[in-house]
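Colleague: Submitted below is the structure of interest, expressed as structure tokens.
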Amino acid sequence: MIRVTGPSFDLVSGWSSSGVPLKIAFEGIDRYFERYYRRGPRRRPVRIDRCAADVLDVFEEWRRAVGIGPAREPAGDGGDGAELRRGPSLTSHIERVLLKLSSARATAVLGTESDALLDRISSELDVARAASGGLRGEARRALIERLAAADAELMRVARRSIDDGLQRAIDTEAADQFARAHRALADRLVRERLGLPVVSYS
Numbered sequence: 227m228i229r230v231t232g233p234s235f236d237l238v239s240g241w242s243s244s245g246v247p248l249k250i251a252f253e254g255i256d257r258y259f260e261r262y263y264r265r266g267p268r269r270r271p272v273r274i275d276r277c278a279a280d281v282l283d284v285f286e287e288w289r290r291a292v293g294i295g296p297a298r299e300p301a302g303d304g305g306d307g308a309e310l311r312r313g314p315s316l317t318s319h320i321e322r323v324l325l326k327l328s329s330a331r332a333t334a335v336l337g338t339e340s341d342a343l344l345d346r347i348s349s350e351l352d353v354a355r356a357a358s359g360g361l362r363g364e365a366r367r368a369l370i371e372r373l374a375a376a377d378a379e380l381m382r383v384a385r386r387s388i389d390d391g392l393q394r395a396i397d398t399e400a401a402d403q404f405a406r407a408h409r410a411l412a413d414r415l416v417r418e419r420l421g422l423p424v425v426s427y428s
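Residue 227 is where the sequence shown starts when you use the numbering used here, and the numbers rise one by one after that.
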């Protein structure tokens, strides 16, 4: 169940005005739902606002995949539509990154040993978000360079987590078992990247 009321209705209307196909909006909502219910049943309905980052992410991925130009100009005078025409603002980008870091922290996708890194990057970005809207020139470039450095650090940890998992499989399993573990890991990454469900049932 999703609740759409008040300002949330304006948000959803802005997606339509900015050219977000209904199917793409549904895919973004489904992507959030998959993470939301991964931790078990919930009693309260989801506010559509919480799906916004995923909807915009799926929309951008879809635009890149089909090779179309910027989204059409909405009837309104800015807001989310203006952001989609130009691409996400620095502030919006940081907000989306914070949402995904929070999800990664909650689901322990990198293991609890990476919590300190996720917390540190999140704290830095939380401070940066407050100032990002007014940054210009050298200060803006410095923040963008810091984001790139944080991204590289995060990916090193992610790759190490995957390598450690594969190494454990090599150390403890026969060659065919390792091959299955490698294939399962690749499948999981593809599913998470594309937002695909597990169709099989067991």
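We treat Cβ as the ideally placed atom computed from N, Cα and C, and that holds for glycine.
For Leu316 versus Ser358, is the C-beta distance shorter than 8 Å?
Modeller: Residue 316 sits at position 90 when you count from the first residue of the sequence shown. Residue 358 sits at position 132 when you count from the first residue of the sequence shown. In contact: Leu316 and Ser358 (Cβ atoms closer than 8 Å).
Colleague: According to the neighbour-count rule (16 or more other Cβ atoms, all chains shown, within 10 Å of its Cβ), is Asp341 buried or exposed?
Modeller: On the sequence shown, position 115 is the one that residue 341 refers to. By the 10 Å Cβ count, Asp341 comes out exposed.
Colleague: What is the DSSP secondary structure of Arg269, reduced to helix, strand or coil?
Modeller: The sequence position of residue 269 within the sequence shown is 43, counting from 1. Correct three-state label for Arg269: coil.
Colleague: Quick one: using the 10 Å Cβ neighbour count with 16 as the cut-off for buried, is Phe285 buried or exposed?
Modeller: Position 59 of the sequence shown, counted from the first residue, corresponds to residue 285. That one is buried.
Colleague: Going straight from the alpha carbon of Arg322 to that of Ser329, what length do you get?
Modeller: Position 96 of the sequence shown, counted from the start, is the residue given in the question as residue 322. Position 103 of the sequence shown, counted from the start, is the residue given in the question as residue 329. C-alpha separation (whole angstroms): 11 Å.
Colleague: Roughly how many angstroms lie between the CA atoms of Asp283 and Gly254, to the nearest whole one?
Modeller: Locating residue 283 in the sequence shown gives position 57, where the first residue counts as 1. Locating residue 254 in the sequence shown gives position 28, where the first residue counts as 1. Approximately 7 Å, taken between the alpha carbons.
Colleague: Specify, as a first and last residue, the run of the alpha helix (DSSP H) that Val281 falls within.
Modeller: Here residue 281 is taken as the residue at index 55 of the sequence shown, counted from 1. Per DSSP, Val281 belongs to the alpha helix (DSSP H) from 278-292.
Colleague: Using the beta-carbon count (16 or more within 10 Å), is Leu351 buried or exposed?
Modeller: As a working note, residue 351 is residue 125 in the sequence shown. It counts as buried.
Colleague: With contact counted as at least three CB pairs below 8 Å, one residue from each stretch, are the segment 266-281 and the segment 231-246 in contact?
Modeller: yes
Colleague: Take the Cβ of Leu327 as the centre, count every other Cβ of all protein chains shown within 10 Å, and call the residue buried at 16 or more, exposed below.
Modeller: Stepping through the sequence shown from its first residue, residue 327 is reached at position 101. Its Cβ being crowded by 16 or more others within 10 Å, Leu327 is buried.
Colleague: Check for me: the alpha helix (DSSP H) holding Glu260 runs from which residue to which?
Modeller: The residue given as residue 260 occupies position 34 in the sequence shown. Per DSSP, Glu260 belongs to the alpha helix (DSSP H) from 248-262.
Colleague: Please tell me whether Ala251 and Val281 are closer than 8 Å, where the distance is taken between their beta carbons.
Modeller: Here residue 251 corresponds to residue number 25 of the sequence shown, with the count starting at 1. Here residue 281 corresponds to residue number 55 of the sequence shown, with the count starting at 1. It is a contact, given that the beta carbons lie within the stated cut-off.
Colleague: Can you give the Cα-Cα distance for Ala407 and Tyr263, rounded to whole angstroms?
Modeller: One-based indexing of the sequence shown puts residue 407 at position 181. One-based indexing of the sequence shown puts residue 263 at position 37. Roughly 25 Å between the two C-alpha positions.
Colleague: Return the chain-ordered list of same chain residues with a C-beta closer than 7 Å to the C-beta of Ala301, the five sequence neighbours on each side being excluded.
Modeller: Indexing the sequence shown from 1 puts residue 301 at position 75. Confidence is the limiting factor: at Ala301 the pLDDT is only 43, short of 50, which leaves the residue's position unreliable and the question unanswerable from this model.
Colleague: Report the option in Gly337, Ala374, Leu344, Val353 whose CA atom is closest to the CA atom of Asp389.
Modeller: For this step, residue 389 is matched to residue 163 along the sequence shown. Nearest to Asp389 by alpha-carbon distance, out of Gly337, Ala374, Leu344, Val353, is Gly337.
Colleague: Shortest alpha-carbon distance to Ala384 belongs to which of Glu260, Arg331, Arg289, Trp288?
Modeller: Reading the sequence shown from its first residue, position 158 is the one you call residue 384. Checking every option, the nearest Cα to that of Ala384 belongs to Arg331.
Colleague: So Asp345 is in the alpha helix (DSSP H); what residue range does that whole segment cover?
Modeller: As a first step, residue 345 is located in the sequence shown; it is residue number 119 there, counting from the start. Element bounds for Asp345: 341-358.
Colleague: Report the rounded CA-to-CA distance for Ala365 versus Tyr258, giving the unit in angstroms.
Modeller: The sequence position of residue 365 within the sequence shown is 139, counting from 1. The sequence position of residue 258 within the sequence shown is 32, counting from 1. CA-to-CA, the gap between Ala365 and Tyr258 works out to about 33 Å.
Colleague: Taking only the alpha-carbon atoms, compute the straight-line gap between Glu379 and Leu324 and give it to the nearest angstrom.
Modeller: What you label residue 379 is simply residue 153 of the sequence shown in a count that begins at 1. What you label residue 324 is simply residue 98 of the sequence shown in a count that begins at 1. So the alpha carbons of these two residues sit roughly 15 Å apart.
Colleague: Mapping the DSSP letters down to three states, classify Ser244 as helix, strand or coil.
Modeller: Along the sequence shown, read from residue 1 onward, the residue named residue 244 stands at position 18. Note: Ser244 maps to coil in three-state DSSP.
Colleague: From this set, Val353, Trp288, Pro233, which residue's C-alpha is nearest Lys249's C-alpha?
Modeller: Counting from one through the sequence shown, the residue named residue 249 turns up at place 23. Comparing Cα-Cα distances from Lys249 to each of Val353, Trp288, Pro233, the minimum goes to Trp288.
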